[in-house]
Every structure is written in C-alpha cells, then in structure tokens.
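Residue numbers (our numbering): 315 to 414.
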C-alpha cells in the first residue's frame with residue numbers, strides 16, 4: 315500500500331526573510347554549522363601549438379610584457395569581456411525586437 319503521508323514542501327523564503335533570520339541568529343553560535351573549508355581551484359593548463367606560442371611571445375614583447383603568461387591572461391580576459399558584452403547586446407536587441 316502506498317505511503318499516504320504527504321511530504322512537506324518547504325516554503326521558499328524571500329531574500330528579506332532570509333536576511334532577518336541571519337541577523338537574528340548572527341550572535342548565536344549554536345545556530346551555525348561548523349565552517350566549511352574551500353580550496354582554491356588549481357589553474358587549468360593550456361597547451362598551445364609551438365608556432366602560436368612563438369607568435370604570442372613575440373607580440374607580448376612588442377607590448378613590453380615580460381611574462382607571456384600574464385599577457386595571455388590579460389588578452390584572454392579582454393576577449394571574454396568583449397564576447398560577453400556582444401552577447402548581452404544581442405540578447406537585449408532580441409528582447410526588444412520580440413517585445414515590440
């Protein structure tokens with residue numbers, strides 16, 4: 315026979331309700347779990363073909379960058395920022411087009 319006891323659904327709290335609970339329990343050590351330790355993620359290795367690595371080193375020197383890795387990180391970050399901005403603009407344009 316099926317279990318007829320219904321599962322209780324937890325009420326979803328608003329951000330304001332959560333804030334009130336946190337403030338009320340802030341000084342009560344018993345209300346908190348033990349601290350969680352989080353380790354920083356290890357950087358992912360990136361391999362480049364030798365020809366591309368040589369070209370990157372050359373361009374990094376042109377930009378007076380002493381460390382090719384630092385230059386590559388900066389260039390990749392700039393490119394990602396550009397791509398995200400372009401994507402956000404396209405998404406906004408589509409929303410305006412579909413909403414109008």
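All residues carry an ideal CB built from backbone N, CA and C; glycine is no exception. Please read all numbers here as calculations on a predicted model, not as lab measurements.
Can you grab the Cα-Cα spacing for the pair residue i / residue j, in whole Å?
i: residue 262; j: residue 324; result: This structure does not reach residue 262, given that the chain is present from 315 up to 414, and the question cannot be answered.
i: residue 374; j: residue 402; result: 30 angstroms
i: residue 411; j: residue 331; result: 37 angstroms
i: residue 356; j: residue 362; result: 19 angstroms
i: residue 418; j: residue 352; result: Here the chain covers residues 315 to 414 and nothing more, so residue 418 does not appear.
i: residue 397; j: residue 360; result: 20 angstroms
Contact check, residue i vs residue j under 8 angstroms by CB: the rounded distance?
i: residue 379; j: residue 385; result: 4 angstroms
Would you mind stating whether residue i and residue j have Cβ atoms separated by less than 8 angstroms?
i: residue 399; j: residue 382; result: no
With a cut-off of 8 angstroms, do at least 3 Cβ pairs link the stretch 323-342 to the stretch 353-372? Not touching, per the Cβ criterion.
Curious, which full-length alpha helix (DSSP H) runs of at least 4 residues does the stretch 333-371 contain? Taken in chain order, the stretch 333-371 contains no complete alpha helix (DSSP H) segment of 4 residues or longer.
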